[in-house]
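Residue 32 in numbering that gives the first Met the number 0 sits at position 33 of the sequence shown, and the numbers go up by one each step.
We treat Cβ as the ideally placed atom computed from N, Cα and C, and that holds for glycine.
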Amino acid sequence: MATSSEERLTILRLLQEGKITSQEASRLLEALDASAAPPAPPAAPKKAHWLHIRVTEMTSGRVRVNVTLPAAMVRAGLKLGSRFSSDLEGLDPAMLSEFLAQGEAGMLVDVVDEAGGEHVEVFLD
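See below:
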């Protein structure tokens, strides 16, 4: 296979000999440049924008709570709330805030309360 430099010289030689027009040479050189360009890097993972809180009754499967909040609003609420209460009943606001700031979709809490018969899910989407 010819190198890019050799291919360019071949195109220019064909132009000089009158075998191709200047427009054809230009189009061929552009196509050569496009094929030599490195592939585009893969797109960054999409950031999660919503925090979902879902509580489901285990016996009936009925969803009792289904709340969707903007992740940015939750982060702002955590900052504001941490000023008034240092301990939010075992919740580490710094950890939750860091999880939200990363913006990776995924499950934060997935707990089954056998005594209460509830399934609690908190996740980013």
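For residue i, the first and last residue of its enclosing beta strand (DSSP E)
i, result
"T55", "W49 to E56"
"E120", "E117 to L123"
Buried versus exposed call for residue i [16 or more other C-beta atoms within 10 Å across all chains shown]
i, result
"R8", "Checking the sequence, you will find Leu at residue 8 rather than Arg. Under this definition L8 is an exposed residue."
"M0", "For M0, the predicted model reports a pLDDT of 47, less than 50, meaning its position is unreliable; a value from the coordinates is still stated below. So M0 counts as exposed."
"R63", "exposed"
"L31", "exposed"
"L68", "exposed"
Among the options, the one whose alpha carbon lies nearest that of residue i
i, options, result
"A104", "V110, F98 and D124", "D124"
"D109", "Q22, V121, G116 and Q101", "V121"
"G116", "L95, E5 and V54", "V54"
"L99", "H51, R26 and H118", "H51"
"W49", "G60, A71 and S3", "A71"
"P92", "M106, A75 and A33", "A75"
For residue i, the three-state DSSP class (helix, strand or coil)
i, result
"T67", "strand"
"G105", "strand"
"M0", "Confidence in M0 is poor, its pLDDT being 47 and thus under 50, which makes the residue's placement unreliable; the coordinate value appears in the next sentence. DSSP places M0 in coil when its eight states are reduced to three."
_When you compare the region 6-22 with the region 67-82, are there three or more beta-carbon pairs, one atom per stretch, that lie closer than 8 Å?_
Using a Cβ-Cβ distance cut-off of 8 Å, the region 6-22 and the region 67-82 are not in contact, since fewer than three pairs of beta carbons, one from each stretch, lie closer than that value.
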